[in-house]
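Structure first, then comments.
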Amino acid sequence: MGDLWDRMAQAEKLRDQWHAAVDEYEKAKQDGRLASDVDAAFEKIELLKGAYLAKAKSNVDRAAQVYGRETWRYSRARPHGLRESLLADQRAAIVEFAQPRATDRVLDVGRGAGKIAALLRPSVATISGIDACAEMLAIARPWLDDVVQARLETLELGREFDLVVCCGVLDFVDDAGAALRAIRRHLAPHGRAVIATASLSAIGVAYALVRRLQGVRVHLYRPIHLSRLAATTGLRCANVHGIPGGSIAALLQAG
Ligand SMILES: C[S@@+](CC[C@H](N)C(=O)[O-])C[C@H]1O[C@@H](n2cnc3c(N)ncnc32)[C@H](O)[C@@H]1O
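Note that the working numbering has the sequence shown beginning at 67, numbered continuously upward.
So this is what it looks like as structure tokens:
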């Protein structure tokens, strides 16, 4: 376990340096610095990103492994024990945000056990699901028209959707910009996306600590983080607010 923690600490230091290099690069461009300075700043990003990826088994891979080990729990009637009623309220709030329509072609990203798909199923046309974890996809299969084991950040399905639902996924993703760009790539011209993540709140921090003990880092968000992130990836944030269970949800629109 000690080795894993050392490795994670080194990887996280590299990830923070990589993100700082991205900020430096953006600033160099904004300040109108010499092209050679901007190029050097870009090369630094690539170097640090490469070093980080080489060091880290990615956080998403570790999260998928943890979820793969937990599938037995998701098969129970009350998978989260006392928290289940809170999570049921959270899922209801997400569906309320999504305002499903009978013609919607839905992509459910990070499907988990399929609880949200089960709620959406009666109100939409089709639901496709992706998840990094094969075991979770197997549990969710009954509510889905098709499933693909894939990571959101590099997703290329070559199809468009009216509604993308992505809940409890950005929490684990180190390159949130790549994740939102992937969502944008899969949205139809007037499509919408509902993103829900753990928030910087007491429940969010407690959740992050539990996952941390399992070797997984959880990123906690504030509403402003989601709306800024959306803006940098060409999506419009139509609404963002807290939902039950220490999370926030945002409604993002393409075009
Ligand atoms: C907290 S569960 C969310 C389940 C479901 N969306 C819900 O809200 O009930 C997170 C799921 O996302 C998957 N996941 C995490 N990061 C992912 C990524 N980058 N791409 C695809 N799936 C991912 C995990 O394997 C896990 O099944």
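Idealized CB from N, CA, C, for every residue including glycine.
Computed from a predicted model, the values in this text were never measured in an experiment.
- Scanning Arg217, His252 and Arg251 for the CA closest to the CA of Val235 turns up Arg217.
- According to the DSSP secondary-structure assignment, Val172 is paired through a beta bridge with Ile193 and Leu229.
- Excluding five sequence positions before and after Thr299, the CB atoms of its chain that fall closer than 7 Å to its own CB belong to Gly243, Leu246, Arg247 and Arg250, given in chain order.
- For the 8 Å CB-CB criterion, Leu223 and Val214 form a contact.
- In the three-state reduction of the DSSP assignment, Arg302 falls in the strand class.
- Collapsing the DSSP output to three states places Leu203 in a helix.
- Rounded to the nearest angstrom, the gap between the Cα atoms of Ala75 and Thr169 is 46 Å.
- Not one heavy atom of ligand 1 is found less than 7 Å from the C-beta of Arg277.
- Pro255 carries a strand assignment under DSSP once its states are collapsed to helix, strand and coil.
- Under the 8 Å Cβ criterion, the segment 168–183 does not count as touching the segment 98–111, having fewer than three qualifying pairs.
- Note: Thr220 is not bridge-paired with any residue in the DSSP secondary-structure output.
- The three-state secondary structure of Gly311, taken from DSSP, is coil.
- Between Ile196 and Gly180, the gap from beta carbon to beta carbon reaches 8 Å or more.
- For Asp97, there is no enclosing alpha helix (DSSP H), as DSSP marks it with neither H nor E.
- Going by C-alpha positions, Ala129 is about 17 Å away from Tyr118.
- Here Val239 is near Val126, since their CB atoms are less than 8 Å apart.
- By the CB criterion at 8 Å, Ile314 and Tyr287 fall inside the cutoff.
- In its chain, beyond the 5 residues on either side, Leu114, Lys115 and Tyr118 have a beta carbon closer than 6 Å to the beta carbon of Trp84.
- Here the alpha carbon of Ala254 sits roughly 43 Å from the alpha carbon of Asp72.
- When secondary structure is reduced to three states using DSSP, Gln131 falls in the helix class.
- Pairing Glu78 with Pro188, the inter-Cα distance amounts to about 42 Å.
- For Asp212, the three-state secondary structure derived from DSSP is strand.
- Residue environment: Thr220 is assigned as exposed (fewer than 16 neighbouring CB atoms within 10 Å of its CB, all protein chains considered).
- Beta-bridge partners of Ser265 (DSSP): Tyr287.
- Note on geometry: alpha-carbon atoms of Arg177 and Cys233 lie some 8 Å from one another.
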